[in-house]
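Undergrad:
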Amino acid sequence: MQITGEMLIGRSAVRGSEKPLRAFNPSLGEDIAAPVFGSGTAENVAAACELARHAFDEFRNLPLTVRAEFLERIAAGITNLGDALIQRAQEESGLPKARLEGERGRTTGQLKLFAEVVRAGQWLAATLDSPLPERKPLPRSDLRMQKIAIGPVAVFGASNFPLAFSVAGGDTAAAFAAGCPVVVKAHSAHLGTSEMVGRVIQQAAKDLNLPEGVFSMIVGAGRTVGEALVAHPAIKAVGFTGSRAGGTSLMQVAARRPEPIPVYAEMSSINPVFLLPSAVAARGAAIAQGFVDSLVLGAGQFCTNPGLAIGVDGPELTKFIDAASAALSAKPAQTMLTSGIHAAYQQGEARLASTEGVSEIAHGQAASGPTQACAALFVTDAQTFLTQTELEDEVFGPASTIVRCKDEKELAAVAEHFVGQLTATIQMDRDDVPTAKKLVPILERKAGRILVNGFPTGVEVSHAMVHGGPFPATSDSRVTSVGTTSIERFLRPVCYQDFPAELLPEALSDANPLELWRRRDGQIVKA
Ligand code: NAP
Numbered sequence: 001m002q003i004t005g006e007m008l009i010g011r012s013a014v015r016g017s018e019k020p021l022r023a024f025n026p027s028l029g030e031d032i033a034a035p036v037f038g039s040g041t042a043e044n045v046a047a048a049c050e051l052a053r054h055a056f057d058e059f060r061n062l063p064l065t066v067r068a069e070f071l072e073r074i075a076a077g078i079t080n081l082g083d084a085l086i087q088r089a090q091e092e093s094g095l096p097k098a099r100l101e102g103e104r105g106r107t108t109g110q111l112k113l114f115a116e117v118v119r120a121g122q123w124l125a126a127t128l129d130s131p132l133p134e135r136k137p138l139p140r141s142d143l144r145m146q147k148i149a150i151g152p153v154a155v156f157g158a159s160n161f162p163l164a165f166s167v168a169g170g171d172t173a174a175a176f177a178a179g180c181p182v183v184v185k186a187h188s189a190h191l192g193t194s195e196m197v198g199r200v201i202q203q204a205a206k207d208l209n210l211p212e213g214v215f216s217m218i219v220g221a222g223r224t225v226g227e228a229l230v231a232h233p234a235i236k237a238v239g240f241t242g243s244r245a246g247g248t249s250l251m252q253v254a255a256r257r258p259e260p261i262p263v264y265a266e267m268s269s270i271n272p273v274f275l276l277p278s279a280v281a282a283r284g285a286a287i288a289q290g291f292v293d294s295l296v297l298g299a300g301q302f303c304t305n306p307g308l309a310i311g312v313d314g315p316e317l318t319k320f321i322d323a324a325s326a327a328l329s330a331k332p333a334q335t336m337l338t339s340g341i342h343a344a345y346q347q348g349e350a351r352l353a354s355t356e357g358v359s360e361i362a363h364g365q366a367a368s369g370p371t372q373a374c375a376a377l378f379v380t381d382a383q384t385f386l387t388q389t390e391l392e393d394e395v396f397g398p399a400s401t402i403v404r405c406k407d408e409k410e411l412a413a414v415a416e417h418f419v420g421q422l423t424a425t426i427q428m429d430r431d432d433v434p435t436a437k438k439l440v441p442i443l444e445r446k447a448g449r450i451l452v453n454g455f456p457t458g459v460e461v462s463h464a465m466v467h468g469g470p471f472p473a474t475s476d477s478r479v480t481s482v483g484t485t486s487i488e489r490f491l492r493p494v495c496y497q498d499f500p501a502e503l504l505p506e507a508l509s510d511a512n513p514l515e516l517w518r519r520r521d522g523q524i525v526k527a
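Last residue of the sequence shown? That's 527 in UniProt numbering, and every number before it is there in order.
#1: Going by DSSP, what residue range makes up the beta strand (DSSP E) through residue 147?
#2: Could you give the DSSP three-state label for residue 185: helix, strand or coil?
#3: Out of 512, 421, 4, 223, which has the shortest C-alpha to C-alpha gap to residue 543?
#4: Taking only the alpha-carbon atoms, compute the straight-line gap between residue 40 and residue 445 and give it to the nearest angstrom.
#5: Under 6 Å: does the beta carbon of residue 303 sit that close to some heavy atom of the ligand NAP?
#6: I'd like to check one pair, residue 155 with residue 239: are the Cβ atoms closer than 7 Å?
#7: Tell whether a beta-carbon distance below 7 Å holds between residue 228 and residue 253.
#8: Let me check one thing: in DSSP terms, what residues is residue 12 bridge-paired to?
#9: Start and end of the beta strand (DSSP E) containing residue 492?
#10: Using a strict less-than 6 Å threshold between each residue's beta carbon and the heavy atoms of the ligand NAP, what residues do you get?
#11: Quick one: which unbroken beta strand (DSSP E) runs of 3-plus residues sit fully inside the segment 290-344? Chain order, please.
#12: Let me make sure I understand the geometry here. Which of 199, 523, 19, 335 has the alpha-carbon closest to that of residue 397?
#13: In the DSSP assignment, the alpha helix (DSSP H) including residue 102 goes from what residue to what residue?
#14: Can you find at least 3 beta carbon pairs, one from the segment 353-364 and one from the segment 372-391, that sit closer than 8 Å?
#15: Going by Cα to Cα distance, which pick from 11, 97, 59, 25 is closest to residue 298?
#16: Please list the terminal residues of the continuous beta strand (DSSP E) segment that includes residue 533.
#17: By the DSSP assignment, the alpha helix (DSSP H) with residue 417 in it spans what residues?
#18: Report whether the distance from the Cβ of residue 152 to the nearest heavy atom of the ligand FMN is below 6 Å.
#19: Taking C-beta to C-beta, are residue 181 and residue 52 nearer than 7 Å?
#20: DSSP state of residue 450, grouped into three classes?
#21: According to DSSP, simplified to helix, strand and coil, what is residue 211?
#22: Under DSSP, the alpha helix (DSSP H) around residue 175 begins and ends at which residues?
#23: I'd like to check one pair, residue 262 with residue 245: are the Cβ atoms closer than 7 Å?
#24: What would DSSP say about residue 376, mapped onto helix, strand or coil?
#25: Applying the 10 Å Cβ sphere with the 16-neighbour rule, what's the burial state of residue 495?
#26: Return the first residue and the last residue of the alpha helix (DSSP H) that residue 363 is part of.
#27: Could you give the first and the last residue of the continuous beta strand (DSSP E) run that contains residue 129?
#28: According to DSSP, which residues form a beta bridge with residue 404?
#29: Using the rule of at least 16 other Cβ atoms within 10 Å of the residue's Cβ for burial, across every protein chain shown, is residue 80 buried or exposed?
#30: Check this for me: beta carbons of residue 482 and residue 459, under 7 Å apart or not?
#31: What are the partner residues of residue 241, as DSSP defines its beta bridges?
#32: Are three or more beta carbon pairs between the segment 429-439 and the segment 271-279 nearer than 8 Å?
#33: What residue ranges within the segment 18-63 form continuous beta strand (DSSP E) runs of no fewer than 3 residues, ordered along the chain?
#34: Is DSSP giving residue 425 helix, strand or coil here?
#35: So residue 154 is in the beta strand (DSSP E); what residue range does that whole segment cover?
#36: Alpha carbon to alpha carbon, how far is residue 149 from residue 16? Give it in angstroms, no decimals.
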């Protein structure tokens, strides 16, 4: 497939007339010469959003089987791009081939999983309350509820997952599954990869003769295009993965609209790992190795990267710290996604190193490329952590801090101190159960996912997954951005009161033609 540098607006390919953009190869530290991408204008954004507005009713009312087929065709199209897609993503991200192949599998897997979800129809949450005409003092009406698509959705692709959280990533798959047209703002860090995947979606929509505005993809660096997209009245929800500054800025744009809309932003998390005493004594070296492996995975550029470990001070914790330092010192430097992310990592690392009460105890191997990050490990005490609030800020990359606590009470105080997190991990053995029992209720208030004896990187795409959490991990702790229930972000309930049979949606008709499990008078029945 030829990459042209054009945006995709409905069925057209349009060259943006604003500032030219070039893709960047972070491994070489230089621009990729051709093609040049044209940034879009506010008019381009408006054209895409208007098409999406017009497509909405037709798209959401298509048979569920067509929507499911759309998702499956996108998955097949991505697979058919073969090595060319992986090569381009490698050039633009510096990520290794095996990682990108895995990410492609995850991307196509989640598209296919959402196709199953669409067909099964449980997301409709069909609910029927029978009328009670004889009820005193007032009769009850016939009440039926289903969920419907919220409207056109704006998706901001993430820098760190050029496939799985980007143009055809989780947000897009969930929005299409819900019946929402999507306008993607391509991430400037992988413009060519975005175009390739965007063209696959455009082709799948055309092949199925879907309404033109079901999908568009806009290009543009800086705020103009992104802000115009969130501000456009046709857009009814936003999916975003990126920085806290970017996410909160777009939340403000959405809140200032005459009709405010939800922004589902996944932003920053340091994913604390609690090292409980018996586990550290029994297998501290193994935990240290697992912790460091998780920390440096993908150059630490995961939202679930373990940026903090907390343990009770003593000889066993010292042995853990020594083992973690040795493991980290052996880790080679790795190329980061963009020069901006590399610069931000270096600043974050320098900030940690210069914080009073924080010592740098280990460094990974030296960098040999222009955007390579070397891993770093710091140690501090609980009092420093509790008083220096910037130690809670995400350092996006392979850096982590170990917090020494005087006792278990102080460990609980550190847990209580945290802002919202995507994950919290407990390393524990049987003898640690009493401490863990005290910790879990605190962590339930802080994190979207609590792990025992694992490491937080690696987020399964499944039905029970929660990739979310209180602010600043995300903008809305009630939902997840990974897994099948992420569809909930793009749905809203509608109640149909005393509707005649001819007007009822299929999901709520008495004959139950979709053969759904429905909540009928409080009972879950297939009737
Ligand atoms: P970002 O700078 O927030 O950018 C994400 C997307 O939003 C990009 O498409 C960007 O446009 C756009 N954008 C950002 N701020 C905007 C604004 N104020 N108005 C309109 N559009 C805006 O995030 P990033 O480039 O992915 O990474 C930068 C930093 O984000 C990292 O260093 C890290 O701290 C954090 N990050 C966190 C996670 C996480 O999951 N926790 C994941 C990735 C990154 P452009 O295409 O022009 O950049």
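C-beta: ideal position from N, C-alpha, C; glycine also. Here the structure is a predicted model, which is why all the values come from computation and not from measurement.
TA: Let me spell this out:
#1: The residue you call residue 147 lines up with position 147 of the sequence shown. Its beta strand (DSSP E) spans residues 143-149.
#2: Position 185 of the sequence shown holds residue 185. Under the three-state reduction of DSSP output, residue 185 falls in the strand class.
#3: Residue 543 is absent from the model: the chain starts at 1 and stops at 527.
#4: Reading the sequence shown from its first residue, position 40 is the one you call residue 40. Reading the sequence shown from its first residue, position 445 is the one you call residue 445. One C-alpha to the other measures close to 42 Å.
#5: Counting from one through the sequence shown, the residue named residue 303 turns up at place 303. Residue 303 Cβ: within cutoff of the ligand NAP.
#6: Along the sequence shown, read from residue 1 onward, the residue named residue 239 stands at position 239. Along the sequence shown, read from residue 1 onward, the residue named residue 155 stands at position 155. Between residue 239 and residue 155, the CB-CB gap stays under 7 Å.
#7: Counting from 1 along the sequence shown, the entry for residue 228 is found at position 228. Counting from 1 along the sequence shown, the entry for residue 253 is found at position 253. With contacts defined by Cβ atoms closer than 7 Å, residue 228 and residue 253 do not form a contacting pair.
#8: By one-based count along the sequence shown, residue 12 stands at place 12. Looking at the DSSP assignment, residue 12 forms a beta bridge with 9.
#9: Looking up residue 492 in the sequence shown gives position 492. Here the beta strand (DSSP E) through residue 492 covers 491-497.
#10: In chain order, the residues positioned with their C-beta nearer than 6 Å to some heavy atom of the ligand NAP are 156, 158, 159, 160, 185, 187, 188, 221, 222, 223, 226, 227, 241, 242, 243, 246, 249, 250, 266, 267, 268, 269, 303, 341, 344, 394, 396.
#11: For the segment 290-344, whole beta strand (DSSP E) runs of length 3 or above, ordered along the chain, are 308-312.
#12: Position 397 of the sequence shown, counting from 1, holds the residue named residue 397. Distance from the Cα of residue 397 is smallest, within the candidate group 199, 523, 19, 335, for 335.
#13: The residue you call residue 102 lines up with position 102 of the sequence shown. 97-120 is the span of the alpha helix (DSSP H), which, as asked, contains residue 102.
#14: Counting Cβ pairs under 8 Å, three or more are found: they touch.
#15: Sequence index remark: in the sequence shown, residue 298 carries index 298 (1-based). Looking at 11, 97, 59, 25, the one whose alpha-carbon comes closest to that of residue 298 is 97.
#16: There is no way to answer for residue 533, as the model of the chain reaches only from 1 to 527.
#17: Along the sequence shown, one-based indexing puts residue 417 at 417. Where residue 417 is concerned, the enclosing alpha helix (DSSP H) stretches over 408-417.
#18: In the structure on display, the ligand FMN does not appear, and the ligands it does have are the ligand NAP.
#19: If you number the sequence shown from 1, residue 181 lands on position 181. If you number the sequence shown from 1, residue 52 lands on position 52. Against a cut-off of 7 Å, the Cβ pair of residue 52 and residue 181 comes out as a contact.
#20: The residue given as residue 450 occupies position 450 in the sequence shown. Residue 450 falls in the strand class under three-state DSSP.
#21: Within the sequence shown, residue 211 is the residue found at index 211, counting from 1. Judged by DSSP in its simplified three-state form, residue 211 adopts coil rather than helix or strand.
#22: In the sequence shown, residue 175 corresponds to position 175, counting from 1. Element bounds for residue 175: 170-178.
#23: Working through the sequence shown from its first residue, we reach residue 245 at position 245. Working through the sequence shown from its first residue, we reach residue 262 at position 262. Against a cut-off of 7 Å, the Cβ pair of residue 262 and residue 245 comes out as no contact.
#24: Mapped onto the sequence shown, residue 376 falls at position 376. Of the three classes helix, strand and coil, the one that applies to residue 376 here is strand, per DSSP.
#25: Locating residue 495 in the sequence shown gives position 495, counting from the first residue. By the neighbour-count rule (16 or more Cβ atoms within 10 Å), residue 495 is not buried but exposed.
#26: Indexing the sequence shown from 1 puts residue 363 at position 363. Element bounds for residue 363: not the alpha helix (DSSP H) but the beta strand (DSSP E), 359-363.
#27: In the sequence shown, counting from the first residue as 1, residue 129 sits at position 129. In the DSSP assignment, residue 129 falls within the unbroken beta strand (DSSP E) covering 127-129.
#28: Locating residue 404 in the sequence shown gives position 404, counting from the first residue. According to DSSP, which records beta bridges pairwise, residue 404 is partnered with 311, 381.
#29: Locating residue 80 in the sequence shown gives position 80, where the first residue counts as 1. It is exposed - the Cβ of residue 80 has fewer than 16 other Cβ atoms within 10 Å.
#30: Taking the sequence shown and counting its residues from 1, the one referred to as residue 482 is at position 482. Taking the sequence shown and counting its residues from 1, the one referred to as residue 459 is at position 459. Yes, these two residues count as a Cβ contact at 7 Å.
#31: Position 241 of the sequence shown, counting from 1, holds the residue named residue 241. In the DSSP assignment, the residues bridged to residue 241 are 266.
#32: They touch, by the three-pair rule.
#33: 18-21, 37-39, all fully within the segment 18-63.
#34: In the sequence shown, counting from the first residue as 1, residue 425 sits at position 425. Correct three-state label for residue 425: strand.
#35: In the sequence shown, the residue the question calls residue 154 occupies position 154. Following the DSSP letters along the chain, one finds residue 154 inside the beta strand (DSSP E) bounded by residues 153-156.
#36: Your numbering for residue 16 matches position 16 in the sequence shown. Your numbering for residue 149 matches position 149 in the sequence shown. About 30 Å.
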